[in-house]
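One structure is given here, and the rest of the page talks about it.
Residue numbers (the working numbering), protein chains in the order written: chain A, 44 to 328; chain B, 536 to 787; chain C, 25 to 421.
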């Protein structure tokens, strides 16, 4: 064996070790939280109100709150994001406008989540007088994930073979017909993957909801979009850093972290499943 | 009834600064097959794409001159491009069925053109698949995805799809170049059949194919329409030396 | 039929166009709202609303900055000559100090005599400085009211103390927060960079399909875990570990923040660097191999240099992500607003400060505006990183 080869073998094995370390980091974090969290999970934990200064009971209002925020932000951000991507990919040629929109979208994606929190508070809570409410939080979160939806949708649209568009035009279909009947159905699985990813993001974000919707302790369910709610990620933060009795609240925190992790895991699995099914279906022979 | 199905007058076309077509004058008679031949980049596909205004979709294309189909100026202001594309069917190099069922592929053109009568659509779909000589192979699986068909079947499906909207003229851009010889043979037979009802213009790289299926052949070279005539004449006694060289395989 | 079709097409196009403008409008609104609230800070003094600073009418000092007021009341400044006055010892009095100077009888029912007493006291004592609510200020007050200098941009950026609750004048010096943010982020990148790059190279060039099929979803999951969960993990695992390992009083340190941020920045670095490495043309690599270079040599001498700008973009984006991260850092760094000296001290970052304090800052007050001003700093930092990335990316390799 030459020195050259020896060097290569040593280097590549070292690379493998480092990569496996990354895998280990994930499994340590997941494993730790799941092992500690699973003990707390039971029906009561998922469906009861918190009690005894949040050291007992469940996290039901936080689950409901997070679901409200997911629904609220997606109702608004998903259509706008998809339409925006359609406009950019299907209507705009390479031009100043397209470059401009793309730059702005990238800039929006780069804004830190806490700045979204500041912005949401200034615009929705104070200026538009929504107060701390589901609608203020949803709009803030929605604007934050808009770039994610736009980017994944654009990728999805780009991966639709141009010959399908041309084939449709050649049959006398208009642009709108081509988009709605050919392009979107083909791109749908990948668009949905983007939707799922952004749901994951929305369900885990804390900073943007701190000052727009999240309630410290609110043992009742919301009755309208102008109500405050608890939310899972903020609840976890509260339990670990600012509860009245943090030691006793620890099991509750593990349970909440477990639920958050499960949401992420399930969404990831779902996205991969859709991707796999779609990959099989559209494969040309 | 105008004399010509297609008539092109003094057509110059540019991609940006590059002149892709130079002073083209051309006509095609009804119920004939015309083959466009010539080396790559000679402008034959570009001309073909003028007939259903597919070049509109490409950036930086501009042109002067006139194109008439059935006596109508297809670049006139009041022309509905979508309607034009319905009247002029097109079959592409690579089969491009939509990822929908076989039935839906053929019905697509009808649906986007506003047809909603179920019975009419069904009749038209079956009719078109039969005309495209595909019926026996797919009649039991109309609801199956078009993606499951073989390449040759997919191409005949695309022809059926084009036929369903009752085009006056069918354009074929190297329809057999991505297919095996057996499938190619089937497509050629089909073109021969279709000639009775339609006018067809076909772009091809394959000299024998042009010889087999076409009544007229037009030879293009570097954006010029060098000559066009009865296929037999072109292949046996061409006027231009460039045509002769091409046909005998000296270049291209 | 035809005109209807056309109208539908036009309308659809209009709706789609409007949607596509939402991101641009949002960026614009973010800028407007941040600056509207944040710039207001420099129009204000940092003394609490409704408080005035009064001195003896013979005092020569004409204006004080908020830092000076704070130092006076902290008794770091004890003589008027230090702030440009006569050589008299300063006697700082808050309203509570004042009230305790007199008996209840003197004060009268409901402190009705307090205003008169204050005026008298200020006039009798040449060294006094008093912070008094406007409501306890007698009409035609005989003493001198000292105007406070407005907060300057320089003072805000370079001030080394951040004490928003100081009484009577708050101090807003963002320097320790800016430094804290940079420290924690740079620490994170130093940790994440080697690991991230090596993993990216391994995935793009060395790993077989099977291993890549494991690594891809692992990285996706890492980027999907919410930041509070990282913070929580850091708090219950890393912080005690660091405390024990380095025998510290508290484990909440810049180091803990850097480690957590490093893990969080890994997916960004790996994904972008891997994409960049993959863009190296196969022909280039084959040319190197054909000359007898080993796979590893080709990697070092051809592939990585070719992908350089993409790799730099990955690094910058990683830093950008770390700079803006809030919750995880808030939970593990201890949040002491002091200029950091080592990684084993608590630090406080800009996002953490905003998250921790905005809830308590009265709407529209000086503190509120100061937090928005921090938001501007953060926004500008991330904007610079984004612009850098796009310049690096568009540069030809």
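Think of the CB as a built atom: it goes at the ideal place given N, C-alpha and C, for glycine as much as any other residue. Just so it is clear, the structure is predicted and the values come from calculations on it, not from any experiment.
Beyond the five residues adjoining it in sequence on each side, residue 628 (chain B) comes within less than 8 angstroms, by CB distance, of 708, 709, 710, 712, 713 in the same chain, given in chain order. Listed along chain A are 55, 58, 59, 61, 62, each with a C-beta nearer than 9 angstroms to that of residue 226 (chain C). Residue-level contact by beta carbon holds for residue 407 (chain C) and chain A, with a gap shorter than 8 angstroms.
Rounded to the nearest whole angstrom, the CA to CA distance from residue 181 (chain A) to residue 355 (chain C) is 24 angstroms. According to the DSSP secondary-structure assignment, residue 603 (chain B) is paired through a beta bridge with B:542, B:608. Look at residue 98 (chain A): its C-beta is not under 8 angstroms from any C-beta on chain C.
The residues 275, 280, 283, 284, 356, in chain order, have a CB closer than 8 angstroms to that of residue 262 (chain C) in the same chain once the five nearest residues on each side in sequence are set aside. With contacts defined as CB atoms closer than 8 angstroms, residue 372 (chain C) and residue 206 (chain C) fail to qualify as a contacting pair. Contact between residue 164 (chain A) and residue 254 (chain A) holds: CB atoms are separated by about 4 angstroms, below the 8 angstroms threshold. For residue 555 (chain B), the enclosing beta strand (DSSP E) covers residues 553-563. Runs of alpha helix (DSSP H) with 4 or more residues, each lying fully within the stretch 291-337 of chain C, are found at 306-314, 319-322, listed in chain order. Our two residues, residue 35 (chain C) and residue 28 (chain C), have alpha carbons roughly 11 angstroms apart in a direct line.
Taking C-beta atoms as the reference points, residue 638 (chain B) and residue 207 (chain A) fail to come closer than 8 angstroms.
Using a C-beta cut-off of 8 angstroms, the stretch 213-220 of chain A makes no contact with the stretch 124-132 of chain A, since fewer than three inter-stretch Cβ pairs fall below that distance. Looking at the DSSP output, residue 196 (chain C) bridges to C:186. In the structure shown, the three-state DSSP call for residue 570 (chain B) is strand. Burial state of residue 104 (chain C) is buried, judged by a 10 Å Cβ sphere holding 16 or more other Cβ atoms. Look at residue 598 (chain B) here: in three-state DSSP terms it is strand. Fewer than three beta-carbon pairs drawn from the stretch 81-92 of chain C and the stretch 396-408 of chain C are found closer than 8 angstroms, and the two stretches are therefore not classed as touching. The criterion of a C-beta distance shorter than 8 angstroms is not satisfied by residue 665 (chain B) and residue 645 (chain B). Against residue 700 (chain B), the close residues of chain A are 214, 215, in the order they occur along the chain (beta-carbon pairs closer than 8 angstroms). Among the residues facing chain B, residue 281 (chain A) is not included, as its CB has no counterpart in that chain under 8 angstroms away. Contacts with chain A at 8 angstroms (Cβ-Cβ) include residue 249 (chain C). The three-state secondary structure of residue 283 (chain A), taken from DSSP, is helix.
Comparing alpha carbon positions, the residue from A:155, A:101, A:197 closest to residue 86 (chain A) is A:101. Residue 624 (chain B) carries a strand assignment under DSSP once its states are collapsed to helix, strand and coil.
The C-beta of residue 85 (chain A) comes no closer than 8 angstroms to any C-beta of chain C. Using a Cβ-Cβ cut-off of 9 angstroms, residue 94 (chain A) is close to nothing in chain C; its nearest Cβ partner there is about 22 angstroms away. Remark: C-beta atoms of residue 196 (chain A) and residue 237 (chain A) approach each other more closely than 8 angstroms. Among the residues of chain C, those whose CB is under 8 angstroms from the CB of residue 50 (chain A) are 318, 320, following chain order. If you draw a straight line from the Cα of residue 151 (chain A) to the Cα of residue 369 (chain C), it is about 33 angstroms long.
Nearest to residue 311 (chain A) by alpha-carbon distance, out of A:247, A:239, A:302, is A:239. Here the C-alpha atom of residue 95 (chain C) lies approximately 37 angstroms from the C-alpha atom of residue 252 (chain A). Short of 7 angstroms from the beta carbon of residue 290 (chain C), and not among the five residues preceding or following it, lie these beta carbons of its own chain, in chain order: 216, 219, 220, 246. Within chain A, no residue has its beta carbon less than 7 angstroms from that of residue 650 (chain B); the closest one is some 11 angstroms off. In the three-state DSSP reduction, residue 673 (chain B) falls in the helix class (H, G or I).
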